[in-house]
Amino acid sequence: MILQIIVLVVKVLLLVGILMGGFAYVMLLERRLLGFFQLRLGPNRVGPGGMLQPIADALKMMLKEDLMPAGADPLVYRLAPVIAAFAALSVDAVIPFGAPIHLFGLTISLDIANPSIGLLIIFALSSLGVYGLVLGGWASQNKYSLLGGIRATAQIISYELAMGLSVMGVLLMAHTANLEGIVLAQKTHGWFWLPQIIPFLVFTITAIAETNRTPFDLPEAESELVAGYHTEYSGMRFALYYVAEYINMITQSGLIVTLFFGGWLGPSFLPPIIWYFIKVLIAIFVFVWIRATLPRFRYDKLMSFGWKILLPVAFIYFLGTAAFVSGVL
Amino acid sequence: MVGIFIIGIIMLAAAVAVIVVRQPVHSALALVGVTLGLAMIYLILQAEFLAVAQVIVYAGAIMVLFLFVVTLLTAGKEETETKDLLSGQRWASVITGLVVGVGLAVVIATHHPTKLATSLSSSFGGLHPIGQELWGPYFLLLAGVALMLLTGAIGVLVLNRTEGTKAPRSRPLPHGVSVSDGEGESRP
Numbered sequence: 000m001i002l003q004i005i006v007l008v009v010k011v012l013l014l015v016g017i018l019m020g021g022f023a024y025v026m027l028l029e030r031r032l033l034g035f036f037q038l039r040l041g042p043n044r045v046g047p048g049g050m051l052q053p054i055a056d057a058l059k060m061m062l063k064e065d066l067m068p069a070g071a072d073p074l075v076y077r078l079a080p081v082i083a084a085f086a087a088l089s090v091d092a093v094i095p096f097g098a099p100i101h102l103f104g105l106t107i108s109l110d111i112a113n114p115s116i117g118l119l120i121i122f123a124l125s126s127l128g129v130y131g132l133v134l135g136g137w138a139s140q141n142k143y144s145l146l147g148g149i150r151a152t153a154q155i156i157s158y159e160l161a162m163g164l165s166v167m168g169v170l171l172m173a174h175t176a177n178l179e180g181i182v183l184a185q186k187t188h189g190w191f192w193l194p195q196i197i198p199f200l201v202f203t204i205t206a207i208a209e210t211n212r213t214p215f216d217l218p219e220a221e222s223e224l225v226a227g228y229h230t231e232y233s234g235m236r237f238a239l240y241y242v243a244e245y246i247n248m249i250t251q252s253g254l255i256v257t258l259f260f261g262g263w264l265g266p267s268f269l270p271p272i273i274w275y276f277i278k279v280l281i282a283i284f285v286f287v288w289i290r291a292t293l294p295r296f297r298y299d300k301l302m303s304f305g306w307k308i309l310l311p312v313a314f315i316y317f318l319g320t321a322a323f324v325s326g327v328l
Numbered sequence: 000m001v002g003i004f005i006i007g008i009i010m011l012a013a014a015v016a017v018i019v020v021r022q023p024v025h026s027a028l029a030l031v032g033v034t035l036g037l038a039m040i041y042l043i044l045q046a047e048f049l050a051v052a053q054v055i056v057y058a059g060a061i062m063v064l065f066l067f068v069v070t071l072l073t074a075g076k077e078e079t080e081t082k083d084l085l086s087g088q089r090w091a092s093v094i095t096g097l098v099v100g101v102g103l104a105v106v107i108a109t110h111h112p113t114k115l116a117t118s119l120s121s122s123f124g125g126l127h128p129i130g131q132e133l134w135g136p137y138f139l140l141l142a143g144v145a146l147m148l149l150t151g152a153i154g155v156l157v158l159n160r161t162e163g164t165k166a167p168r169s170r171p172l173p174h175g176v177s178v179s180d181g182e183g184e185s186r187p
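Protein chains in written order, with numbering that gives the first Met the number 0: chain A, 0 to 328; chain B, 0 to 187.
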């Protein structure tokens with residue numbers, strides 16, 4: 000019992016460490032890649048190849064003054080970034096990032112928890128993340144922040160529906176909502192991206208929208224709203240929003256890999272956990288690539304795209320999958 | 000059992016805060032606290048699917064829409080105490096609350112928890128049992144509720160539709176007519 004608790008605590012600490020380190024270096028990776036996409040170098044001055052840039056950034060953020068507007072709501076203003084970071088970090092607890100390993104006679108599964116409804120728990124926890132955005136925007140008492148927060152609400156709620164529908168096909172094919180079960184089902188049925196190609200595309204698009212990244216970065220559109228919901232934030236609170244955004248990106252990449260690309264599965268010359276991280280890195284690269292390539296949506300186009308194209312397409316494909324799986328077709 | 004009591008006390012405090020605090024956004028936040036507490040009680044009762052559905056539907060969707068409206072309407076406004084439109088509703092609410100509370104207390108005091116057993120199986124609340132119930136014996140009711148919600152959603156769309164919505168953007172509008180772009184706002 001005590002041993003299990005120790006293992007659990009170690010796993011939680013490891014996961015948070017990996018995620019925070021991942022956040023720092025995914026951010027550096029993104030800045031370097033964006034630099035190359037735009038025919039410039041990107042940050043390469045601090046340390047060899049810019050490898051110490053995240054540490055310099057973290058120091059800068061921690062030492063900066065923590066400002067709060069005079070008219071702000073102090074409680075909600077302080078709470079909002081914490082909610083955003085909490086929702087982002089907690090989601091990863093149920094994503095398995097490797098096959099169970101055997102260590103000193105113990106079988107350790109590489110996730111914090113393995114509930115039978117893991118997929119739904121991910122949706123529940125990530126749906127709480129929007130509170131950080133809308134509350135931060137409201138509490139700042141700034142028109143740009145408020146507009147950013149309200150845009151974030153409308154966008155995330157709209158795209159969440161298409162996202163939920165797009166994973167229903169995977170759920171039907173795997174016969175389970177347990178993420179480890181979904182990975183193991185792909186061992187026998189083949190990876191789901193091919194039979195679920197349209198849900199995969201819908202999921203990827205909605206994942207970008209849920210993380211508020213270009214071309215869906217309307218809540219923080221710098222040409223219209225200064226910085227959107229986090230205009231007034233500085234120092235560590237501002238950094239927390241960045242933590243939330245990048246960890247959400249890592250999480251969504253992990254989900255894409257788990258649901259559609261066989262999770263940790265792969266040829267046996269590399270350990271499963273390495274396969275998982277390679278796949279996640281590829282997904283993150285695609286995220287950055289899309290950001291570097293596409294311009295921002297116009298607001299009404301964003302809404303009509305979500306409601307009139309993504310949602311019906313995901314729904315029809317879901318109905319088709321249901322008919323196919325149940326043997327009607 | 001202890002957990003349920005602790006969460007219950009937190010939920011009660013949050014529920015009181017919903018009606019006591021001045022700022023509507025704070026009320027909405029307290030209401031989010033109540034729904035999350037309810038989800039935790041479901042979890043303690045091992046009704047995991049109910050708990051997750053509670054968070055997804057209430058905390059994740061409905062309360063976000065509440066906040067959407069509240070933040071939009073109250074931004075920058077000083078809250079002022081409005082006069083009660085219905086006279087005596089405070090007293091009515093106090094009396095109703097007392098009657099319900101005393102009734103519940105009497106039931107709890109006179110009935111041992113094990114005697115309140117229902118016909119539900121102990122696994123009720125998981126993904127499979129709820130699915131079996133909903134799509135089995137209760138399918139007609141489920142379809143009825145779905146139709147009702149669909150009617151409501153379409154009703155909102157119809158009521159919000161203005162005459163000018165179909166007009167192309169480039170055509171100049173008659174003087175004094177403002178057209179809201181019905182694509183973004185008119186969803187339920």
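A virtual CB, placed ideally from N, CA and C, is assigned to each residue, including glycine. Everything numeric in this text was worked out from a predicted model, so none of it was measured.
Quick one: is Met50/A buried, meaning 16 or more other Cβ sit within 10 Å of its Cβ, or exposed? Along the first sequence, read from residue 1 onward, the residue named residue 50/A stands at position 51. Exposed, since its Cβ has fewer than 16 Cβ neighbours within 10 Å.
List the residues of chain C whose Cβ lies closer than 7 Å to the Cβ of Gly59/B, in chain order. Looking at the structure shown, chain C is missing, and the protein chains on hand are A and B.
Tell me which residues share the same chain as Ala291/A and place their Cβ nearer than 6 Å to its Cβ, disregarding the 5 neighbours each side in the sequence. Numbered from its first residue, the first sequence carries residue 291/A at position 292. Excluding sequence neighbours, Ala291/A sits near Leu33, Phe36.
At 4 residues or longer, what runs of the alpha helix (DSSP H) sit wholly inside the region 47-101 of chain A? 52-62, 73-90
So the candidates are Ile204/A, Gly326/A, Ala206/A, Ile111/A; which of them puts its Cα closest to the Cα of Leu178/A? As a working note, residue 178/A is residue 179 in the first sequence. Answer by Cα proximity: Ile111/A.
Contact between the region 127-146 of chain A and the region 236-244 of chain A is defined here as three or more beta-carbon pairs at a separation below 8 Å; is this criterion met? yes
Please confirm if Gly183/B has its CB atom under 9 Å from at least one CB of chain A. Counted from its first residue, the second sequence places residue 183/B at position 184. Here the model assigns Gly183/B a pLDDT of 43, short of 50, so the residue's position is not dependable, and the following value carries that caveat. Chain A, which has a Cβ nearer than 9 Å to the Cβ of Gly183/B, makes this yes.
Cβ neighbour criterion (16 or more within 10 Å) applied to Lys278/A: Counted from its first residue, the first sequence places residue 278/A at position 279. Lys278/A should be labelled buried.
Which residue or residues does DSSP assign as beta-bridge partners of Thr106/A? Position 107 of the first sequence, counted from the first residue, corresponds to residue 106/A. DSSP, once it has assigned bridges, lists His101/A as partnering Thr106/A.
Please state whether the Cβ-Cβ distance between Ala98/A and Gly131/A is less than 9 Å. Along the first sequence, read from residue 1 onward, the residue named residue 98/A stands at position 99. Along the first sequence, read from residue 1 onward, the residue named residue 131/A stands at position 132. The beta carbons of Ala98/A and Gly131/A sit no closer together than 9 Å.
Could you give the distance in angstroms between the alpha-carbon of Gly69/A and the alpha-carbon of Ser233/A? Sequence index remark: in the first sequence, residue 69/A carries index 70 (1-based). Sequence index remark: in the first sequence, residue 233/A carries index 234 (1-based). Checking the sequence, you will find Ala at residue 69/A rather than Gly. Rounded to whole angstroms, Ala69/A to Ser233/A spans 14 Å at the Cα level.
Take Ser157/A and list the residues in its own chain whose beta-carbon comes closer than 7 Å to its own, dropping the five residues that flank it on each side. Working through the first sequence from its first residue, we reach residue 157/A at position 158. Same-chain partners within the cutoff: Met302, Gly305, Trp306.
For Gly148/A, return the contacting residues in chain B, with the cut-off set at a CB-CB distance below 8 Å. By 1-based counting over the first sequence, the position of residue 148/A is 149. Identification of chain B residues near Gly148/A by a Cβ-Cβ cut-off of 8 Å yields Thr70, ordered along the chain.
For Leu64/B, return the contacting residues in chain A, with the cut-off set at a CB-CB distance below 9 Å. Walking along the second sequence from the start, residue 64/B turns up at place 65. Correct list: Thr152, Ile156.
In chain order, what residues of the same chain lie with their CB nearer than 6 Å to the CB of Thr320/A, ignoring the 5 residues before and after it? For the purposes of this step, residue 320/A is taken as the residue at position 321 of the first sequence. Cβ within range, chain order: Gly168, Leu171.
Is any beta-carbon of chain B found at less than 9 Å from that of Ser325/A? For the purposes of this step, residue 325/A is identified with residue 326 of the first sequence, where counting begins at 1. No, Ser325/A does not count as interfacial toward chain B.
CB-CB under 6 Å to Ala27/B, same chain, minus the five flanking residues each way: which ones, in chain order? Translated into positions along the second sequence, residue 27/B becomes position 28. Excluding residues within five positions, the ones whose Cβ falls inside 6 Å are Phe65, Leu66, Val69.
Determine whether the Cβ of Ala166/B lies closer than 9 Å to any Cβ atom of chain A. Here residue 166/B is taken as the residue at index 167 of the second sequence, counted from 1. The pLDDT assigned to Ala166/B is 48, lower than 50, so where the model puts this residue is not dependable; a value taken from the coordinates is nonetheless given after this. Interface flag for Ala166/B against chain A is unset, since no Cβ pair is found closer than 9 Å.
Residue span of the alpha helix (DSSP H) that contains Phe276/A, given as start and end: Here residue 276/A refers to the residue found at position 277 when the first sequence is read from its first residue. Where Phe276/A is concerned, the enclosing alpha helix (DSSP H) stretches over 271-292.
Residues of chain B with CB under 8 Å from Ala176/A, in chain order? Indexing the first sequence from 1 puts residue 176/A at position 177. Ordered by position in chain B, the residues that pass the 8 Å Cβ test against Ala176/A are Leu126.
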